[in-house]
Amino acid sequence: MDEKRISGEYGDINIADNVILDIATVALSKVEDIYVDDRKNIKKLKKNISVQHDVEGEEERLVINVKVNVRYGRSLIDVAKDIQKTLKEEVQNLTGIEVNEVNVKVEDIIFEEPQNIENLDKEIQENLGEIVEQSNNETEENDNSEVDDK
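To get my numbering, take the position in the sequence shown, counting from 1, and add 1215.
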């Protein structure tokens, strides 16, 4: 397991990649417009995140890669930027480690039903009830006007 070492005046601090991965996973679960079957199922989210250390010259860089599904109708760019900002800030704030990049891959767009069936059924029943009531009122008005005409 890779880890990130931070040297300080009192000694070294080692933070394992799985800790960074856990922080990134919790941060990702806070992003509204990504699609997850169950937002509380952290294991599913965790499978879509990886942490890597790149070395450029003498400098080590921390890179987080994320794969997500986005709800249809949301701006893919805005959602991706929100993910980048949220993950970078959360990992940096909790670990003190600079995150150099957060790469986001949008793998799929999820088309959701506008409402669940149960709510839709209730709405249809209410609308039908209103239509029937309105129709009955119109019929009564017509019947009353026919009686008045006689």
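Don't be surprised by glycine CBs; every beta carbon is placed ideally from N, CA and C. Please read these numbers as outputs of a predicted model, since none were measured by experiment.
For residue i, list the residues DSSP reports as bridge partners.
i            : result
residue 1235 : Bridge partners of residue 1235: none, in fact.
residue 1222 : 1227
residue 1168 : The structure shown does not extend to residue 1168, since the chain is modelled only from 1216 to 1365, so the question has no answer here.
What does the Cβ neighbour count give for residue i, buried or exposed, with the cut at 16 atoms within 10 Å?
i            : result
residue 1235 : buried
residue 1260 : buried
residue 1219 : buried
residue 1302 : buried
residue 1270 : exposed
residue 1330 : Interpretation of residue 1330 is limited by its pLDDT of 47, a score under 50 that renders its predicted location unreliable; the figure taken from the coordinates is listed afterwards. Looking at its Cβ environment, which holds fewer than 16 other Cβ atoms inside 10 Å, residue 1330 is exposed.
residue 1292 : exposed
residue 1212 : The requested residue 1212 is not part of the displayed model; the chain covers only 1216 to 1365.
With distance defined between alpha-carbon atoms, name the residue in the options nearest to residue i.
i            : options                   : result
residue 1217 : 1250, 1225, 1276 and 1251 : 1276
residue 1319 : 1309, 1291 and 1280       : 1280
residue 1239 : 1223, 1221, 1229 and 1258 : 1258
residue 1384 : 1233, 1274, 1314 and 1248 : In the structure as shown, the chain starts at 1216 and stops at 1365, and residue 1384 therefore has no counterpart that could be examined.
residue 1250 : 1350, 1289 and 1315       : 1289
residue 1248 : 1294, 1222 and 1231       : 1294
residue 1203 : 1348, 1351 and 1306       : Shown here, the chain extends from 1216 to 1365; a query on residue 1203 therefore has no answer.
Check whether the Cβ of residue i sits closer than 7 Å to any heavy atom of the ligand HEM, and report yes or no.
i            : result
residue 1304 : Summarising the ligand content, the structure contains no ligands, and the ligand HEM is consequently not present.
Those runs of the alpha helix (DSSP H) which lie wholly inside the stretch 1254–1329 and span at least 4 residues: Those alpha helix (DSSP H) runs which fall completely within the stretch 1254–1329 and span 4+ residues are 1257–1261 and 1291–1310.
Would the stretch 1278–1289 and the stretch 1315–1325 be scored as touching if the rule is three or more Cβ pairs under 8 Å? Taking 8 Å as the limit for Cβ pairs, the verdict is that the stretch 1315–1325 does touch the stretch 1278–1289.
Any chance the stretch 1231–1251 sits against the stretch 1292–1305, with 3 or more Cβ pairs inside 8 Å? The stretch 1231–1251 makes contact with the stretch 1292–1305: 3 or more CB pairs, one atom from each, lie closer than 8 Å.
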